[in-house]
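Inspection log for the structure reproduced underneath, given as structure tokens.
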Amino acid sequence: MAIADRSGLPVAIWTGSASPHETRYVEPLLAKLFVRDFPERLIGDKAYDSDKLDARLRDRYGGELIAPHRGNRKTNTQDGRVLKRYKRRWKVERLFAWLQNFRRLNTRYERHAENFLGMLRLGCILILLRHA
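Take any residue in the sequence shown, note its place counting from 1, add 56, and you have its number in the working numbering.
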């Protein structure tokens, strides 16, 4: 999982097991921020549409989570104006494309998650140095 800023540069990166749902990894990911300030808005896909997650992020960090509603949602809590920011989600996908340019990250050669996370951090450092 990764968090990118508004220009697509990495702000936080973290790895975890594929078994639990992604919403369980949001708070450990936020603990690994490279920057001091918490982002005002987080943009996620439909998997992050959770009232509990919204409340936790608002209470602990004061941030807003922007995610489109899932199809099976009973109550509609967004009016569409906030979702205009969702169109900028491509910048996070661009970060993943930049990370895929590194051969070690494209094909995971590391057996242990700690080694893979180290390679991810090295890739993020190189991306930050290129765009600084």
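Note that the Cβ used here is the ideal one computed from N, Cα and C, for glycine as well.
* To do: Count the C-beta pairs between the stretch 90–97 and the stretch 108–120 that are closer than 8 Å, then say yes if the count reaches three, no if not.
  => yes
* Asked: In the structure shown, what three-state DSSP assignment does L89 receive?
  -> coil
* Contact belief for V138 with A58 at Cβ below 8 Å, rounded distance in angstroms -> With a Cβ gap of about 22 Å, V138 and A58 do not count as contacting.
* If you draw a straight line from the C-alpha of F152 to the C-alpha of N132, how long is it? -> 31 Å
* Asked: Mind pulling the alpha helix (DSSP H) runs of 4 or more residues that sit fully within the stretch 89–139?
  -> 107–116
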